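Trainee: This is the structure I have questions about; it appears just below.
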Amino acid sequence: MAGYGYEVDFLPVGSGDRSGDAIVLRYGETGSYKVMVVDGGTKESGQKIVDHIKEHYGTTHVDYLVNTHPDADHASGLEVVLEQLTVGEVWVHRPWEYAEEIRHWFKDGRITDESLASRLKDLLSHAYRLEELADEKGIPIFEPYAGAKIGDFYVLSPDQDWYLELVPQFNKTPEARSVSMAEAVKSFGLRALEKMASWVDEHWHIETLSEDGETSCENESSVVLYANIDGRGVLLTGDAGIQALGRACDYAAALGLDLVSSRFIQVPHHGSRNNVAPSVLNRFVGPKNTQGTAATKTAFVSASKDSEVHPRKVVTNAFLRRGADVHQTKGQSKRHSHNMPNREGWTASTPVPFHTQVEGD
């Protein structure tokens, strides 16, 4: 098929309640496609990425490899990609390079720049391993901060200053000055509390999604990417939370980018209700439509096959109201494409329905 096009593949990651992201995409014209991997999930899904690229993209080369944030369910699989395929560029945050700038945020006044850098490398070991592998193979490494461009994709968030403010708040880093025990307990018990959620009625004109969701600082540090490919917007959000998404919208507006016109959107953080709010969804998905209005965009959500908490029905409903058909992985690969060759043996995906009962507080 002639002309500039793209395809985005979400591969299945995780089991039980543990979800992850493994996204592969290519864009361009026949004979000159660019291949990009955004997060790799687990080691197992990393192997699936390698096999997928070989089988469906017909290459052993990745132009851009991007780690949105250091969680193992996003970074581990990228190691497999680096080990088995050739890679043109690696994009990963390296907070250990800024130990001198952030050391004052930590309680332990005896900590040195060298010891902080070492501890960050240990505690964010999956991200650091990507740096090591890239160095071993002579692959250039870049950091994905707002203002950078990765191929056709703009980095909308985080900006570097905000990222360095977030690092001391990472749950895995040395104790920061402002981290409270209440926050730690909240994070530790989140999954258990979500499972105990009550159910509430919801209708098209009645939205119960809260405005005050909070997620971890690791998630807020997620890279948010946007490209306009052949007049169609593609927005990848990682595990970004309300703050990061709001900042991404601000930066996109400053660049003159219209996120609401996107044709493809990643539902943040596997469809968690802690990462989105109606007001920020209005800014990057669009305003609520009247019931019966045809969808104008597609949203994919990575969720493990047996997850009881991902995606949240209150979240998928929110996307549906705003004109996005939502498709979940749940153990299956999902493909969204425009102006690309047909893929033999792949069938149409069924979107998530609108739910009249959703999770309460």
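Residue numbers 102 to 462, in the numbering used here, belong to the letters of the sequence shown in order. Don't be surprised by glycine CBs; every beta carbon is placed ideally from N, CA and C. Predicted, not measured: the structure shown is a model, and the values here were computed from it.
(1) Quick one: what's got a C-beta closer than 6 Å to Leu310's C-beta in the same chain, skipping five residues either side?
(2) Note the first and the last residue of the continuous alpha helix (DSSP H) segment covering Gly212.
(3) Which of the three DSSP states, helix, strand or coil, is assigned to Asn418?
(4) Span of the alpha helix (DSSP H) holding Trp300?
(5) With a 10 Å radius around its C-beta and 16 neighbouring C-beta atoms as the bar for buried, classify Ala283 as buried or exposed.
(6) Flag Leu267 as yes if its beta-carbon sits less than 8 Å from any beta-carbon of chain D, otherwise no.
(7) Identify, in the order they occur along the chain, each residue of the same chain with its Cβ nearer than 7 Å to the Cβ of Ala247, setting aside the five sequence neighbours on each side.
(8) Is Ala470 helix, strand or coil when you go by DSSP?
(9) Across the region 335-349 and the region 358-368, are there enough close Cβ pairs to call them in contact, namely three or more that are closer than 8 Å?
(10) With DSSP as the reference, identify every bridge partner of Leu126, one or two as the case may be.
(11) Do Val459 and Val301 count as a contact pair if the criterion is CB distance below 8 Å?
(12) Between which two residues does the alpha helix (DSSP H) harbouring Phe385 extend?
(13) Taking C-beta to C-beta, are Ile330 and Tyr128 nearer than 8 Å?
(14) With 16 other CB atoms within 10 Å as the buried threshold, where does Leu179 fall?
(15) Where does the unbroken beta strand (DSSP E) through Trp192 begin, and where does it stop?
(16) Using only alpha-carbon positions, find the residue among Gly393, Phe455, Ser146 that is nearest to Thr417.
(17) Helix, strand or coil: which one does DSSP assign to Glu145?
(18) Assuming Ile330 is part of the beta strand (DSSP E), what are its boundary residues?
(19) Compute the Euclidean distance between the alpha carbons of Asn383 and Ala345, then round it to the nearest angstrom.
(20) Which residue comes first and which comes last in the beta strand (DSSP E) that contains Ile203?
(21) Would Ile242 and Val167 be called neighbours here (beta carbons separated by less than 8 Å)?
Mentor: Concretely, from the data shown:
(1) Pro379, Val415, Ala419
(2) Note that residue 212 corresponds to Ile in the displayed sequence, not to Gly. Segment: none, Ile212 is in no alpha helix (DSSP H) and carries neither H nor E.
(3) helix
(4) Per DSSP, Trp300 belongs to no alpha helix (DSSP H); it is in the beta strand (DSSP E), 300-302.
(5) Because Ala283 sits at a pLDDT of 42, beneath the cut-off of 50, its placement in the model cannot be relied upon, and the following sentence gives the value as read from the coordinates. With fewer than 16 other Cβ atoms from the protein chains shown falling within 10 Å of its own Cβ, Ala283 counts as exposed.
(6) Absent here is chain D; the protein component of the structure consists of one chain.
(7) For Ala247, where only same-chain residues beyond five positions count, the Cβ hits under 7 Å are Val256, Leu257, Ser258, Pro259, Asp260, Tyr352.
(8) Outside the shown range of the chain (102 to 462) lies residue 470, about which nothing can therefore be said.
(9) yes
(10) Val109, Met137
(11) yes
(12) 379-385
(13) With contacts defined as CB atoms closer than 8 Å, Ile330 and Tyr128 qualify as a contacting pair.
(14) buried
(15) Going by DSSP, Trp192 is part of the beta strand (DSSP E) stretching over 187-192.
(16) Comparing Cα-Cα distances from Thr417 to each of Gly393, Phe455, Ser146, the minimum goes to Phe455.
(17) helix
(18) 325-330
(19) Rounded to the nearest whole angstrom, the CA to CA distance from Asn383 to Ala345 is 15 Å.
(20) Note, Ile203: premise wrong, no beta strand (DSSP E); alpha helix (DSSP H) at 200-203.
(21) no
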